[in-house]
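Okay, structure first, notes after.
Laid out in structure tokens, this is it:
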């Protein structure tokens, strides 16, 4: 008898990620809802704050609060299909490294967030900003923050989906967990959106904090994800 | 079996707290700047340190649980976090009293240590609904441990992020160049820290003992085929 063959993690990762993205493209369950939610929230902020243009801390707060809550919609749905259609059992049976599931789901969530921001951030700029010069450096902040949300969101979502109150539990646990991420993201965004062109006050420091957060929670997720798939 | 050593430990705790309080009120000098209200520092800071260390200890027990699969470590982790959350309430209350007395407001947002502690406290407050929502006890124990590990990693990160975001007005206890405590205050502080830490250990041991006793009682009742009165807590793990 030959030794049992183990599918390389890379191809397992690619297969799961491809499956998720294809399923999202065909059903369009998460992304349109996230984009619509974010756009509507901008409109609500327009009237809630009674401002037609935003800058500095107000702009950064509106942008990040909206993106975070829109992300929560995607986080909530991330593992629902696996749970309902028996995907977890299939992964458990397959001869693959289980962390491939974590990596693939985090990557799928990252893609959702990037697409969401590709649609929604220009809308934000159109609605509230005077110039679009800040968007290029902002993209870097968005990317790093998305990575952090993808790591923690995947971890929490995979646990919440097995609970009785999954729609409640995901956001409840995730929100305090991403507070440091939001502090760093808004800290970096605030000078970028200041009146009179983007500023770079402590930009590098905040990016370093974001990267550290991403690194720590990707490692934690990688270390503990195996235990979430047992039984 | 958890009850062993509880009595000497309790006596040591009572003695330590009595010693700490007498040092606070009769030995430590009045703070030149803040006066009498500064004495709450001897309660507030040890409580905060103990609670934070307790959160980390809960995370370490959770790692042990995940590595060994022994449910006992999950109970340790649960009780540690539980006790630290209770201490956390005391920290927030004493902190608010101190803030009112020295800065004039019950809550000061541009004060990093207070805000980070609040965020950590909120994070751990979600531990209870999280456990409660997962029904299968095996899975509940495992997920709670994953939560404890994740949150344990979150504690230092959060303190760093909040500190960077805010101005630095909170009194630093140690380590600042020209700050630092005079010897008599430092001694009092260390005794207080030891007393509060002992209190934490005693309470953790007490809760584990109580859980173990009620678990044994339940098993005995089951063996006698007697009806079990009440279902007990559905969140707290059982201790064998």
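Chains as they are written, first to last, in my numbering: chain A, 1 to 231; chain B, 1001 to 1240.
Glycine included, each C-beta is placed from N, C-alpha and C at the ideal position.
Predicted model, so just to flag it, every value in this text is computed and none were measured.
Specify the secondary structure class of residue i as computed by DSSP and reduced to three states.
{"i": "residue 1177(B)", "result": "Confidence is the limiting factor: at residue 1177(B) the pLDDT is only 43, short of 50, which leaves the residue's position unreliable, though a coordinate-based value still follows. If DSSP states are grouped into helix, strand and coil, residue 1177(B) belongs with coil."}
{"i": "residue 97(A)", "result": "coil"}
{"i": "residue 20(A)", "result": "helix"}
{"i": "residue 1035(B)", "result": "strand"}
{"i": "residue 1132(B)", "result": "helix"}
{"i": "residue 1205(B)", "result": "helix"}
{"i": "residue 53(A)", "result": "coil"}
{"i": "residue 1242(B)", "result": "Outside the displayed span of chain B (1001 to 1240) sits residue 1242(B), for which this structure offers no information."}
{"i": "residue 1027(B)", "result": "helix"}
{"i": "residue 1106(B)", "result": "coil"}
{"i": "residue 1111(B)", "result": "coil"}
{"i": "residue 76(A)", "result": "helix"}
{"i": "residue 1237(B)", "result": "coil"}
{"i": "residue 1007(B)", "result": "helix"}
{"i": "residue 132(A)", "result": "coil"}
{"i": "residue 1070(B)", "result": "coil"}
{"i": "residue 14(A)", "result": "helix"}
{"i": "residue 103(A)", "result": "helix"}
{"i": "residue 1(A)", "result": "Residue placement at residue 1(A) is poorly supported in this model, since its pLDDT is 48, which falls under 50; the coordinates still yield a value, given next. Note: residue 1(A) maps to coil in three-state DSSP."}
{"i": "residue 192(A)", "result": "helix"}
{"i": "residue 39(A)", "result": "helix"}
{"i": "residue 262(A)", "result": "Here chain A covers residues 1 to 231 and nothing more, so residue 262(A) does not appear."}
{"i": "residue 200(A)", "result": "coil"}
{"i": "residue 1126(B)", "result": "coil"}
{"i": "residue 237(A)", "result": "Chain A is shown from 1 up to 231; residue 237(A) falls before or after that span and cannot be answered."}
{"i": "residue 1150(B)", "result": "helix"}
{"i": "residue 1168(B)", "result": "Residue confidence is low: residue 1168(B) scores 47 on pLDDT, short of 50, so the model does not pin down where it sits. No coordinate-derived value is stated."}
{"i": "residue 1077(B)", "result": "helix"}
With a threshold of 16 other CB atoms inside 10 Å of the CB of residue i, please say whether the residue is buried or exposed.
{"i": "residue 89(A)", "result": "exposed"}
{"i": "residue 183(A)", "result": "buried"}
{"i": "residue 1018(B)", "result": "exposed"}
{"i": "residue 205(A)", "result": "exposed"}
{"i": "residue 1070(B)", "result": "exposed"}
{"i": "residue 1140(B)", "result": "buried"}
{"i": "residue 1026(B)", "result": "exposed"}
{"i": "residue 126(A)", "result": "exposed"}
{"i": "residue 233(A)", "result": "One cannot answer for residue 233(A) here, as it falls past the ends of chain A, which runs 1 to 231."}
{"i": "residue 66(A)", "result": "buried"}
{"i": "residue 1179(B)", "result": "Low confidence applies here, because residue 1179(B) scores a pLDDT of 48, under 50, leaving its location unreliable; read the following figure in that light. Label assigned to residue 1179(B): exposed."}
{"i": "residue 1177(B)", "result": "Residue placement at residue 1177(B) is flagged as unreliable, the pLDDT there being 43, under the threshold of 50; the coordinate-derived value follows with that caveat. Label assigned to residue 1177(B): exposed."}
{"i": "residue 1004(B)", "result": "exposed"}
{"i": "residue 1207(B)", "result": "buried"}
{"i": "residue 113(A)", "result": "buried"}
{"i": "residue 1220(B)", "result": "exposed"}
{"i": "residue 1011(B)", "result": "exposed"}
{"i": "residue 6(A)", "result": "exposed"}
Taking a contact to mean a Cβ-Cβ separation below 7 Å, would you say residue i touches residue j in this structure?
{"i": "residue 1101(B)", "j": "residue 1037(B)", "result": "yes"}
{"i": "residue 1013(B)", "j": "residue 1224(B)", "result": "no"}
{"i": "residue 1055(B)", "j": "residue 1077(B)", "result": "no"}
{"i": "residue 1193(B)", "j": "residue 1046(B)", "result": "yes"}
{"i": "residue 1006(B)", "j": "residue 1205(B)", "result": "yes"}
{"i": "residue 63(A)", "j": "residue 34(A)", "result": "no"}
{"i": "residue 108(A)", "j": "residue 20(A)", "result": "yes"}
{"i": "residue 148(A)", "j": "residue 214(A)", "result": "yes"}
{"i": "residue 1150(B)", "j": "residue 1009(B)", "result": "no"}
{"i": "residue 14(A)", "j": "residue 96(A)", "result": "no"}
{"i": "residue 1209(B)", "j": "residue 1023(B)", "result": "no"}
{"i": "residue 55(A)", "j": "residue 193(A)", "result": "yes"}
{"i": "residue 134(A)", "j": "residue 198(A)", "result": "yes"}
{"i": "residue 53(A)", "j": "residue 190(A)", "result": "no"}
{"i": "residue 1237(B)", "j": "residue 1163(B)", "result": "no"}
{"i": "residue 1158(B)", "j": "residue 1115(B)", "result": "no"}
{"i": "residue 1088(B)", "j": "residue 1051(B)", "result": "yes"}
{"i": "residue 30(A)", "j": "residue 79(A)", "result": "no"}
{"i": "residue 1081(B)", "j": "residue 1095(B)", "result": "no"}
{"i": "residue 1143(B)", "j": "residue 1134(B)", "result": "yes"}
{"i": "residue 1123(B)", "j": "residue 180(A)", "result": "no"}
{"i": "residue 91(A)", "j": "residue 39(A)", "result": "no"}
Within 6 Å: the Cβ of residue i and any heavy atom of the ligand ATP?
{"i": "residue 199(A)", "result": "The model depicted lacks the ligand ATP and carries no ligand whatsoever."}
Any C-beta of chain D sitting closer than 7 Å to the C-beta of residue i?
{"i": "residue 1134(B)", "result": "Among the protein chains of the structure shown, namely A and B, there is no chain D."}
Contacting positions in the region 1112-1127 of chain B - beta carbon closer than 7 Å to chain A: The region 1112-1127 of chain B vs chain A, Cβ under 7 Å: 1119, 1122, 1123, 1126.
Going along the region 199-220 of chain A in order, which residues come within less than 9 Å of chain B, judged by CB to CB distance? Against chain B - using a Cβ distance shorter than 9 Å - the residues of the region 199-220 of chain A are 202, 205, 206, 209, 212, 213, 216, 217, 219, 220.
Please name the residues in the region 180-193 of chain A whose beta-carbon is closer than 7 Å to at least one beta-carbon of chain B, in chain order. Taking 7 Å as the upper bound on Cβ-Cβ separation, chain B lies near residues 180, 183, 184, 187 of the region 180-193 of chain A.
Members of the region 1152-1165 of chain B near chain A, C-beta cut-off 8 Å: Cβ contacts with chain A come from 1153, 1154, 1157, 1158, 1160, 1161, 1162, 1164, 1165.
Between the region 159-170 of chain A and chain B, which residues of the former have CB atoms less than 7 Å from a CB of the latter, in chain order? Listed in chain order, the positions of the region 159-170 of chain A with a beta carbon within less than 7 Å of a beta carbon of chain B are 159, 162, 163, 164, 165, 169.
Quick one: which residues of the region 1038-1068 of chain B get their C-beta closer than 8 Å to a C-beta of chain A? List them in chain order. Answer in chain order: 1066.
Could you list the residues in the region 15-35 of chain A with a C-beta less than 7 Å from some C-beta on chain B, going in chain order? Of all residues in the region 15-35 of chain A, none has a Cβ within less than 7 Å of some Cβ in chain B.
When you check each C-beta in the region 1180-1204 of chain B against every C-beta of chain A, which residues fall closer than 8 Å? Cβ contacts with chain A come from no residue of the region 1180-1204 of chain B.
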